[in-house]
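Undergrad: Numbering follows full-length UniProt numbering, with no gaps: position 584 of the sequence shown is 584.
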Amino acid sequence: MSYEWENPQLVGEGTEKPHASFIPYLDPFSGEWEYPEEFISLNGNWGFLFAKNPFEVPEDFFSENFDDSNWDEIEVPSNWEMKGYGKPIYTNVVYPFEPNPPFVPKDDNPTGVYRRWIEIPEDWFKREIFLHFEGVRSFFYLWVNGKKIGFSKDSCTPAEFRLTDVLRPGKNLITVEVLKWSDGSYLEDQDMWWFAGIYRDVYLYSLPKFHIRDVFVRTDLDENYRDGKIFLDVEMRNLGEEEEKDLEVTLITPDGDEKTLVKETVKPEDRVLSFAFDVKDPRKWSAETPHLYVLKLKLGEDEKKVNFGFRKIEIKDGMLLFNGKPLYIKGVNRHEFDPDRGHAVTVERMIQDIKLMKQHNINTVRTSHYPNQTKWYDLCDYFGLYVIDEANIESHGIGWDPEVTLANRPEWEKAHLDRIQRMVERDKNHPCVIFWSLGNEAGDGVNFEKAALWIKERDNTRLIHYEGTTRRGESYYVDVFSLMYPKIDVLLEYASRKREKPFIMCEYAHAMGNSVGNLKDYWDVIERYPYLHGGCIWDWVDQGIRKKDENGKEFWAYGGDFGDEPNNKNFCCNGVVLPDRTPEPELYEVKKIYQNIKVRQISIDTYEVENGYLFTDLEMFDGTWRIRKDGEVIEEGRFKLSAEPGERKIFKIPLPVMEDSEYFLEICFALSEDTLWAKKGHVVAWEQFLLKPPIFQKSIVQEKVDFSEDGRYLLVRTKDAEFIFSKLTGLLEHIVYRGRNILTGSIVPNFWRVPTDNDIGNRMPERLSIWKKASSERKLFKMFWKRRENSVSVQSVYQVPGNSWVYLTYTIFGNGDILVDLSLIPAEGVPEIPRIGLQFTVPEEFGTVEWYGRGPHETYWDRKESGLFARHRKAVDEMIHRYVRPQETGNRSDVRWFALSDGETKLFVSGMPQIDFSVWPFSMEDLERAQHISELPERDFVTVNVDFRQMGLGGDDSWGAMPHLEYRLLPKPYRFSFRMRISKEIPSWRVLAAIPETLHVEMSSEDVIREGDTLRVKFSLLNDTPLSKEEQVVLFVDGNEYSVRRVVIPPFKKEELVFKVEGLKKGEHLIHTNLNTRKTIYVR
């Protein structure tokens, strides 16, 4: 037996032709929604029956006499899985059932039946009555008063039914049967939760017999982008009116002025009237300046309003132009998602999204991967966002090969065209829509080709996008070249020769978990080379569902958390905001890189400001400069600049006399007035410049230290503290300050980080596992100590798995200062290193942290442009970000110093000259073990990581891409040092205890060699100081640089280097180095 829901050539029955959206109407002057008088919302509670499949619903459930008194009630709009019926399922590519298009499971096809009685006013029956479903997933039948009306499939565009002939005055019964799976499901495989139900608005409305069925408004600008033209098509429909009616078209400007454009009498017949109007120098619409005009159309009693804008999208010389200006797509992809409501997103959530996007310099949204609610487009028109409007087509799980893809199958042609045409007809009047996107990851084929050609004939004011064809190369039927997740090399290659199409990355910077590294590197290339126009980050919001565990603790649920099989775990959590829209640290980096004002340093007091906006003068912003001394603001000034779009202006900053401290200049621009999306004072752009590096002072420590030992421990005492080292492990196990133990565990070398989602994608836990072992399975090779009058140095040397060597040296001074030095000498053949640092724990009372460095949010080697150098302060609990799936978190980069405090005592750490650090209210093991935030325990200690660095985060993709090479700790010798002190006050970070700094260098070689022989030049480098040294040894032969070797020399250690010099001719030759060693040798 065949079913309508398993036949792709049956896209609907009983439905009206698609048309532009008119209900509700967003008034651009008040920002309020308007509904017609003849309107009945059917949102609210409906009677609901849930069944395992459509064959298990009761007979005659659509009958008016059917007893539904024992049915449940369900909210409309909603997804029934979010109301406890069935279970959410998350997959990325695979279908939740065995694919065999167009067939779907018969036994397991969750089905929901909705019933609702409604009252229809008697005067409505002089008019035409329509029932409108904005979105039902994935297939539904409609009955009215027991009569079957029809069905519809596309889950993301409206289905509208004319019900005039089946309704009656008074009570009427609406019955809807919804199937979760249908042939339409094969086109809705969109890397999101598989939900079902009536999840968008439902309403009834009535129109006069003779009414405006559709309106299409297009605009154009002249060659100077000054004067405009309106092209207007008005489609009228007559369903029984006999009298002529007056048609009146009125133009309302953004200032509220009205002008009548058309006033004529029309006959009551089905027809389309077309008009064209010239408009002198209209105010232009853009994301920066969303000036909306209104067309008010009246045909007798029927009135419709359409918001529109004057703008022009075009391609010239391979460049994407908007109103004549090159447009960079600074975008994100956005799924419609709410952690409590699934796909039934509220207007409040939409506005929250738009405001957050605009506050973070995002100008474009791709509606991945389906048309959104109509209100979304109204709001994008109103607030100002460019939209890449995408059709509800993705058949990823079928495959993309030409002989396999549904895009090439004739029986699927109608389904493809229907979805694309319904999107275009619904959204065609929105100025925010700049591209029509044919779909996503659905292969390439004739079905898309035909759809594109239809669009070009229907709407020539927008560009056509589809990555599914351009991934195979140039394609004639799309207007932009688009790829997903290209490497930077691909961008450089595209820009290296003449192109006819702009390059858009429809998806890039995969933001799964702790990600979005190297965003600046992409934009440095985009802004430097032609044809490159940006892209849309994947994606906006983590699709985590709010859930509670058995202990009542909330967490974000992802694939598999509902017993759903198959699933793709947390691959649905790729957002720059959490499910509840809490910004993730990546979002601050996006804001910084996407900012539209650039500031460059010309000289120490002279700066160039470039206005990167397309249509906004810098007069809209208040400028502020601040000078920070060691992180604290000491001087501040305000300024106002007038700079037109693209213009550069130079201005000077009065600088103070600068001492030995470190000085930064900060220049920022903030809104000078409230806007729709942010308040006055909101910062839109900033830059920071180092004016003067710090000068470190060396202080001779006068206080003495005491030293003692027994069979198990070394004990070093200062006036206020004791430091206890284990001879068994070589570790510093206790710091006792004024009788209180500051450590709750030993200070240990650490070369591991908790794997991020990107790390897991590139198999870092397997590839680099040797370094996890190196953090826990070290073997003490020897322990060495050296006493001076004012200090004691204790060095432990470890061999770690992989045959690498670790030198850990502490030097404790009588004034309480501790110099800590770590050297890592990797063995040949070991892989790159995730992290280099030390880790320890302190009591939970140390719950506040202050630091001077980048902040206030977390930053990493390849994601730190948004970190402001300043003094920051937070509670330890605020120093982490709770990613949906717990992973490495909380790092702060380029830190000069930090101090943990319990309110009285401070544990102070300062870099020499800088460090990275993080503090966690749990252990590394806790963090790595947890799969959800509710699994992170509350510990009675704080974990402290003091690091040289950890490798970058990456983010080109999350399924194999590694951090860029320049952000990886490749296997070579490393060293870093820092200072610690336990005290009541924060000491000066620029005053260090004086130590011996001499490196003893001896050079030796043969005095005489034969011509043709190899000269061996041997260097002995003795570091008799408590800090490791890193040297570049440059060997010169007869004044010319011959060879360069880098060497790391741990404290109290001698290293030997041998250079081989070939090809010396007869005679004398001078051999010397940059280390002030020289020797003359003779070749005979």
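Every residue, glycine too, gets a C-beta built ideally from N, C-alpha and C.
No experiment lies behind these values; they were computed from the predicted model shown.
Excluding the 5 residues preceding and the 5 following residue 1124 in the sequence, name in chain order all residues of the same chain whose CB lies nearer than 7 Å to its CB.
TA: It is not possible to answer for residue 1124, since the shown part of the chain is limited to 1 through 1084.
Undergrad: Just to confirm, is the Cβ distance from G112 to F50 under 8 Å?
TA: Numbered from its first residue, the sequence shown carries residue 112 at position 112. Numbered from its first residue, the sequence shown carries residue 50 at position 50. Cβ distance < 8 Å, so G112 and F50 count as in contact.
Undergrad: In terms of residues, what are the limits of the alpha helix (DSSP H) holding S775?
TA: As a working mapping, residue 775 is identified with position 775 in the sequence shown. S775 -> alpha helix (DSSP H) spans 769–776.
Undergrad: Beta-carbon within less than 6 Å of T164's beta-carbon, same chain only, minus the 5 sequence neighbours each way: which residues are those?
TA: Working through the sequence shown from its first residue, we reach residue 164 at position 164. Result list for T164: E128, I129, in chain order.
Undergrad: Can you grab the Cα-Cα spacing for the pair A875 / K52, in whole Å?
TA: Walking along the sequence shown from the start, residue 875 turns up at place 875. Walking along the sequence shown from the start, residue 52 turns up at place 52. Roughly 50 Å separates the two Cα atoms.
Undergrad: Sort F813, R137, G1039, V202 by Cα distance to E722 and report the nearest one.
TA: What you label residue 722 is simply residue 722 of the sequence shown in a count that begins at 1. That would be F813, whose Cα lies nearest to the Cα of E722.
Undergrad: For A994, which residues from the same chain have a beta carbon less than 8 Å from its beta carbon, with the 5 sequence-adjacent residues on both sides left out?
TA: For this step, residue 994 is matched to residue 994 along the sequence shown. Once the five neighbours on either side are set aside, the close Cβ partners of A994 are K698, S699, I700, V701.
Undergrad: Is the segment 824–843 touching the segment 1065–1083, taking contact as three or more C-beta pairs under 8 Å?
TA: Short answer: they don't touch.
Undergrad: Taking 8 Å as the cut-off, does the segment 261–271 touch the segment 304–315 (at least 3 CB pairs, one atom from each stretch)?
TA: The segment 304–315 vs the segment 261–271: no contact.
Undergrad: Do you know whose CA, among N7, N1040, R1010, lies nearest G1067's CA?
TA: Indexing the sequence shown from 1 puts residue 1067 at position 1067. For the residues N7, N1040, R1010, the minimum Cα distance to G1067 belongs to R1010.
Undergrad: How should V909 be labelled, buried or exposed, when 16 other C-beta atoms within 10 angstroms of its C-beta is the threshold for buried?
TA: On the sequence shown, position 909 is the one that residue 909 refers to. Buried.
Undergrad: Within 10 Å of its beta-carbon, does P921 have 16 or more other beta-carbons around it, so buried, or fewer, so exposed?
TA: Position 921 of the sequence shown, counting from 1, holds the residue named residue 921. Per the 10 Å Cβ criterion, buried.
Undergrad: Taking only the alpha-carbon atoms, compute the straight-line gap between L728 and I982 and give it to the nearest angstrom.
TA: Reading the sequence shown from its first residue, position 728 is the one you call residue 728. Reading the sequence shown from its first residue, position 982 is the one you call residue 982. About 25 Å.
Undergrad: Shortest alpha-carbon distance to P656 belongs to which of V76, V249, E635, I667?
TA: Translated into the one-based positions of the sequence shown, residue 656 becomes position 656. The candidate whose alpha carbon is nearest that of P656 is E635.
Undergrad: Quick check: the segment 151–168 against the segment 375–389, are at least 3 beta-carbon pairs closer than 8 Å?
TA: Not touching, per the Cβ criterion.
Undergrad: List, from N- to C-terminal side, the beta strand (DSSP E) runs of 3 residues or more that fit wholly inside the segment 828–878.
TA: Segments of the beta strand (DSSP E) lying fully in the segment 828–878: 835–843, 848–853, 870–875.
Undergrad: Taking C-beta to C-beta, are S958 and H510 nearer than 8 Å?
TA: One-based indexing of the sequence shown puts residue 958 at position 958. One-based indexing of the sequence shown puts residue 510 at position 510. Cβ distance < 8 Å, so S958 and H510 count as in contact.
Undergrad: Please determine if the segment 748–768 and the segment 780–787 are in contact, where contact requires at least 3 C-beta pairs separated by less than 8 Å.
TA: Not touching, per the Cβ criterion.
Undergrad: With DSSP as the reference, label G47 as helix, strand or coil.
TA: As a working note, residue 47 is residue 47 in the sequence shown. In this structure, G47 counts as strand in the three-state DSSP scheme.
Undergrad: Note down, in chain order, each residue of its chain lying with its Cβ closer than 7 Å to the Cβ of F621, except the 5 sequence neighbours on either side.
TA: Locating residue 621 in the sequence shown gives position 621, where the first residue counts as 1. Contacts found: F669, A670, L671, S672, V684.
Undergrad: Between G802, G86, P54, D524, which lies nearest to F195 when the distance is taken from Cα to Cα?
TA: Working through the sequence shown from its first residue, we reach residue 195 at position 195. Looking at the Cα atoms, G86 is the closest of the given residues.
Undergrad: Start and end of the beta strand (DSSP E) containing M1003?
TA: Taking the first residue of the sequence shown as 1, we reach residue 1003 at position 1003. Segment 999–1004, the beta strand (DSSP E) holding M1003.
Undergrad: Helix, strand or coil: which one does DSSP assign to M924?
TA: As a working mapping, residue 924 is identified with position 924 in the sequence shown. Helix.
Undergrad: Along the chain, where does the alpha helix (DSSP H) that runs through W523 open and close?
TA: To locate residue 523, count along the sequence shown from 1; it is residue 523. Note, W523: alpha helix (DSSP H), 519–528.
Undergrad: Tell whether a beta-carbon distance below 8 Å holds between P28 and N109.
TA: Along the sequence shown, read from residue 1 onward, the residue named residue 28 stands at position 28. Along the sequence shown, read from residue 1 onward, the residue named residue 109 stands at position 109. Not closer than 8 Å, so no.
Undergrad: Going by C-alpha to C-alpha distance, which of W752, L732, N750 sits closest to H743?
TA: As a position in the sequence shown, residue 743 is number 743, starting the count at 1. Residue identity check: residue 743 is Leu in the sequence provided, not His. Looking at the Cα atoms, L732 is the closest of the given residues.
Undergrad: Restricting to Cα atoms, I'd like to know which of T405, E243, V478, E474 is closest to G445.
TA: Locating residue 445 in the sequence shown gives position 445, counting from the first residue. G445 has its Cα closest to that of T405, out of T405, E243, V478, E474.
Undergrad: Let's see if you can read the secondary structure: which residues bound the beta strand (DSSP E) around V754?
TA: Residue 754 sits at position 754 when you count from the first residue of the sequence shown. Segment: none, V754 is in no beta strand (DSSP E) and carries neither H nor E.
Undergrad: I think L838 touches N750, with their Cβ atoms under 8 Å apart; what is that distance to the nearest whole Å?
TA: Here residue 838 refers to the residue found at position 838 when the sequence shown is read from its first residue. Here residue 750 refers to the residue found at position 750 when the sequence shown is read from its first residue. About 6 Å separates the two Cβ atoms, so the contact holds.
Undergrad: Just to confirm before moving on: does the CB-CB distance between I504 and H533 stay below 8 Å?
TA: Sequence index remark: in the sequence shown, residue 504 carries index 504 (1-based). Sequence index remark: in the sequence shown, residue 533 carries index 533 (1-based). Contact: yes.
Undergrad: Just to confirm before moving on: does the CB-CB distance between E1002 and S1020 stay below 8 Å?
TA: Residue numbering aside, residue 1002 sits at position 1002 when the sequence shown is read from its first letter. Residue numbering aside, residue 1020 sits at position 1020 when the sequence shown is read from its first letter. Going by C-beta atoms, E1002 is nearer than 8 Å to S1020.
Undergrad: Should P1026 be listed as close to the ligand COA, given that the test is whether its C-beta is under 7 Å from any heavy atom?
TA: With respect to the ligand COA, the structure offers nothing, as it holds no ligand at all.
Undergrad: How many angstroms separate the CA atom of P834 from the CA atom of M764?
TA: Along the sequence shown, read from residue 1 onward, the residue named residue 834 stands at position 834. Along the sequence shown, read from residue 1 onward, the residue named residue 764 stands at position 764. Distance between the alpha carbons of P834 and M764: 9 Å.
Undergrad: Where does the unbroken beta strand (DSSP E) through D706 begin, and where does it stop?
TA: The residue you call residue 706 lines up with position 706 of the sequence shown. It spans 706–709 - the beta strand (DSSP E) in which D706 sits, taken as one unbroken run.
Undergrad: Give the single residue among V919, R979, W5 whose Cα lies nearest to the Cα of P843.
TA: If you number the sequence shown from 1, residue 843 lands on position 843. The shortest C-alpha separation from P843 is found at V919.
Undergrad: Short check: CB of residue 1089 to CB of P282, under 8 Å?
TA: No statement about residue 1089 is possible, as the shown extent of the chain runs from 1 to 1084 and does not include it.
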